[in-house]
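Novice:
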Amino acid sequence: MEDTAGVSERSEAGLFLYDRDCGFCQRAVGFARERLRTRTAFAAWQDVDLDALGLTPEQTDERAWVVYPDGRRLAGGDAVAGVLLAAGFPAGVLGRLMLLPGARLLSRAAYRVVAANRYLLPGGTAACALPSSPPRNPK
Numbered sequence: 001m002e003d004t005a006g007v008s009e010r011s012e013a014g015l016f017l018y019d020r021d022c023g024f025c026q027r028a029v030g031f032a033r034e035r036l037r038t039r040t041a042f043a044a045w046q047d048v049d050l051d052a053l054g055l056t057p058e059q060t061d062e063r064a065w066v067v068y069p070d071g072r073r074l075a076g077g078d079a080v081a082g083v084l085l086a087a088g089f090p091a092g093v094l095g096r097l098m099l100l101p102g103a104r105l106l107s108r109a110a111y112r113v114v115a116a117n118r119y120l121l122p123g124g125t126a127a128c129a130l131p132s133s134p135p136r137n138p139k
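Mapping of the sequence shown onto my numbering: position 15 corresponds to residue 15, and the numbering continues sequentially without gaps.
#1: For a test of the three-state rule: what should DSSP assign to VAL29, helix, strand or coil?
#2: Determine which residues share a DSSP beta bridge with TYR18 and list them.
#3: For the region 43-55 against the region 79-94, are there 3 or more C-beta pairs whose distance is under 8 Å?
#4: Please report the distance separating the alpha-carbon of LEU100 from that of THR38.
#5: Roughly how many angstroms lie between the CA atoms of PRO90 and LEU97, to the nearest whole one?
#6: Would you kindly report the start and end of the unbroken beta strand (DSSP E) that includes LEU97?
#7: Hey, would you say VAL66 sits closer than 8 Å to LEU53, going by beta carbons?
#8: Which of the three DSSP states is assigned to LEU85 in this structure?
#9: Helix, strand or coil for LEU74? Go by DSSP, reduced to three states.
#10: Please list the terminal residues of the continuous alpha helix (DSSP H) segment that includes VAL61.
See below:
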């Protein structure tokens, strides 16, 4: 059963939004819940009021988000770091490292690679594939 926490019910450690149609995302969330024991709450973006969170379906389909009760939001690799931080030691150390300036660039890049190829990863299906970007109009 998925958490469908509303804005007022979000954990102080944030609400992590993921794609319920993606098997890889579901497995990653299951791992975080069971193994990391993070204080972060989890919900499929399709099951929450995105307007209340200040997000669009396009934004949440493109990458994962952590939304905090104070309105702060982390996306992509930073969102993963936020989940790790809320897990405490030892995972929190990795989360903190991921947010350091040089490492942050690497974790964001790694997130983009994983997100773009999640349909190829264990648990991934064709539904995990991100929509292709529209072609750019050369000027």
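Each residue gets a CB set at the ideal place from its N, CA and C atoms; glycine is no exception.
Specialist: On the basis of the coordinates in this document:
#1: helix
#2: ALA44
#3: no
#4: 20 Å
#5: 11 Å
#6: Element bounds for LEU97: not the beta strand (DSSP E) but the alpha helix (DSSP H), 91-98.
#7: no
#8: Here LEU85 sits in helix by DSSP.
#9: strand
#10: Val is not the amino acid found at residue 61; the sequence shown has Asp there. Its alpha helix (DSSP H) spans residues 57-62.
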